[in-house]
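Chemist:
Numbering (my numbering), first residue to last: 53 to 373.
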């Protein structure tokens, strides 16, 4: 398998670099491209070859993985004189793991088909307990959500299986992107619900970790709380991971999708506005889980405070009412 397929990857960010490590190990060779020299150097240390441009990479590869931050980045890499479409040979398949709107996926697939090139929207999402975000990229335990032509899906399956434990083929181009936006829509709203709940618990004198211990055995139990929020609260590490900026972008794309289909998404708008407030404070580069700290600051509570403060907190609440 290692010698039969020439694998390329464009984008070496928080998820992209772990992807590159797994692909290089699985196939024995990998060609990469990124606009940031530091990321390229990290991939080179893995043993990856470095392309001069997306076009150069595409001309030398049969399967090309994209791991990019937004629709504009995908278009920039795919189109133009230095783009993938200018260099790829007929029969090449592009696997786009970026989280973008379905219209971008459909447009890129159409442009690729015109050149007899395959294009799959194949965004990834966590779902395996204990392996959220970057850890899922490192361990290959993502769920991969795929839209595109079935023939291209089968051709790309060896790469998809390296990225994820569960690979779901959902239908025509754009299907994977739609499901990823819905997944992040639900998770984003859930994250704010957890943040509010923990702030309220702290105001009543129950520390966050204790609250999550108890809530994990109730109807409030969720993957977001146990596998996303809890590890961050335990470690105190709120560096991305998946940033506030990117989550705001995903919710914006979901909102645009809803408006285009006349589906009201009120909670989406609220969650997006809360992330925008964090961005305005300069927290856009933090993990989206930093919303737990932000909510605690708004409530003026310490989510790590010992339970002994409970009586006093409730007394203060009664006085305020």
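Virtual Cβ for every residue (Gly too), placed ideally from N, Cα, C.
Check each candidate in 98, 118, 193 and name the one with the smallest Cα separation from residue 62.
Modeler: When only C-alpha atoms are compared, the closest one is 118.
Chemist: Three-state secondary structure (DSSP) at residue 170?
Modeler: Note: residue 170 maps to strand in three-state DSSP.
Chemist: Does the contact criterion of 3 or more C-beta pairs under 8 Å hold for the stretch 101 to 120 versus the stretch 77 to 89?
Modeler: Contact holds: three or more Cβ-Cβ distances are below 8 Å.
Chemist: Compute every distance between the C-beta of residue 128 and the non-hydrogen atoms of the ligand NAD, then say whether any falls below 7 Å.
Modeler: The ligand NAD is absent from the structure shown, which contains no ligands of any kind.
Chemist: Between residue 322 and the rest of its own chain, which residues show a CB-CB distance below 6 Å, the 5 nearest in sequence each way excluded?
Modeler: Result list for residue 322: empty, nothing under 6 Å.
Chemist: Terminal residues of the continuous beta strand (DSSP E) containing residue 61?
Modeler: Counting along the chain, the beta strand (DSSP E) containing residue 61 begins and ends at 59 to 62.
Chemist: Using only alpha-carbon positions, find the residue among 188, 131, 191, 187 that is nearest to residue 162.
Modeler: Of 188, 131, 191, 187, the residue nearest in Cα terms is 131.
Chemist: Helix, strand or coil for residue 115, going by three-state DSSP, please let me know.
Modeler: Residue state, collapsed to three classes: strand.
Chemist: Roughly how many angstroms separate the alpha carbons of residue 64 and residue 352, rounded to a whole number?
Modeler: The straight-line gap from Cα to Cα measures roughly 38 Å.
Chemist: Just to confirm, are residue 129 and residue 136 a CB contact at a threshold of 8 Å?
Modeler: Yes.
Chemist: Here's the rule I'm using: 16 or more other beta-carbon atoms within 10 Å means buried, otherwise exposed. How should residue 211 be labelled?
Modeler: Residue 211 should be labelled buried.
Chemist: Expressed to the nearest angstrom, what Euclidean distance is found between the alpha-carbon atoms of residue 104 and residue 92?
Modeler: Each residue's Cα considered, the two are about 11 Å apart.
Chemist: Our contact map puts residue 114 next to residue 57 with C-beta atoms below 8 Å; I'd like the distance itself, whole angstroms only.
Modeler: Indeed they touch by this definition, with Cβ atoms about 5 Å apart.
Chemist: I'd like the list of long-range same chain contacts for residue 94, defined as Cβ closer than 8 Å, with 5 residues on each side in sequence excluded.
Modeler: If we look at residue 94 and ignore the five residues flanking it on each side, its Cβ neighbours are 64, 69.
Chemist: Going straight from the alpha carbon of residue 327 to that of residue 59, what length do you get?
Modeler: Roughly 36 Å between the two C-alpha positions.
Chemist: Out of curiosity, what's the CA-to-CA distance linking residue 167 and residue 151?
Modeler: Approximately 24 Å between the Cα atoms of the pair.
Chemist: Looking only at DSSP bridge pairs, what is residue 203 linked to?
Modeler: Paired residue(s): none; residue 203 is not in a bridge.
Chemist: Round the Cβ separation of residue 201 and residue 170 to the nearest angstrom and send it over; I've been treating them as touching at under 8 Å.
Modeler: Yes, residue 201 and residue 170 are in contact; Cβ-Cβ is about 6 Å, under 8 Å.
Chemist: Between which two residues does the alpha helix (DSSP H) carrying residue 104 extend?
Modeler: No alpha helix (DSSP H) holds residue 104; DSSP gives it neither H nor E.
Chemist: Between which two residues does the beta strand (DSSP E) holding residue 146 run?
Modeler: Note, residue 146: beta strand (DSSP E), 145 to 148.
Chemist: Is the beta carbon of residue 284 closer than 8 Å to that of residue 341?
Modeler: Contact: yes.
Chemist: Label residue 358 either buried or exposed according to how many other C-beta atoms from any shown protein chain fall within 10 Å of its C-beta, with 16 as the threshold for buried.
Modeler: With fewer than 16 other Cβ atoms within 10 Å, it is exposed.
Chemist: Do residue 176 and residue 192 have their CB atoms nearer than 8 Å?
Modeler: No, Cβ-Cβ distance for residue 176 and residue 192 is not below 8 Å.
Chemist: Measure the C-alpha to C-alpha separation of residue 240 and residue 226 and round it to an integer number of angstroms.
Modeler: Distance between the alpha carbons of residue 240 and residue 226: 21 Å.
Chemist: By Cβ distance, which residues of its chain are closer than 7 Å to residue 205, with the 5 residues on each side in sequence left out?
Modeler: Excluding positions up to five away in sequence, the list reads 172, 198, 221.
Chemist: Just the Cα atoms here: how many angstroms apart are residue 244 and residue 344?
Modeler: Looking at the two C-alpha atoms, the distance is approximately 8 Å.
Chemist: To the nearest angstrom, how far is it from the Cα of residue 133 to the Cα of residue 71?
Modeler: Their backbone Cα atoms lie some 27 Å apart in a straight line.
Chemist: Who are the near neighbours of residue 228 in its chain, counting only those whose CB is closer than 6 Å to its CB and skipping five residues on each side?
Modeler: Same-chain partners within the cutoff: 173, 174, 175, 197, 198, 199, 222.
Chemist: On a CA-only basis, which of 305, 251, 247 is nearest residue 281? Give me that one, please.
Modeler: Residue 281 has its Cα closest to that of 247, out of 305, 251, 247.
Chemist: Cβ of residue 307 within 8 Å of Cβ of residue 298?
Modeler: Against a cut-off of 8 Å, the Cβ pair of residue 298 and residue 307 comes out as no contact.
Chemist: Could you tell me whether the Cβ atoms of residue 294 and residue 339 are closer together than 8 Å?
Modeler: In this structure, residue 339 lies closer than 8 Å to residue 294 by Cβ.
Chemist: From residue 238 to residue 286, what does the alpha carbon distance come to, in whole angstroms?
Modeler: One C-alpha to the other measures close to 23 Å.
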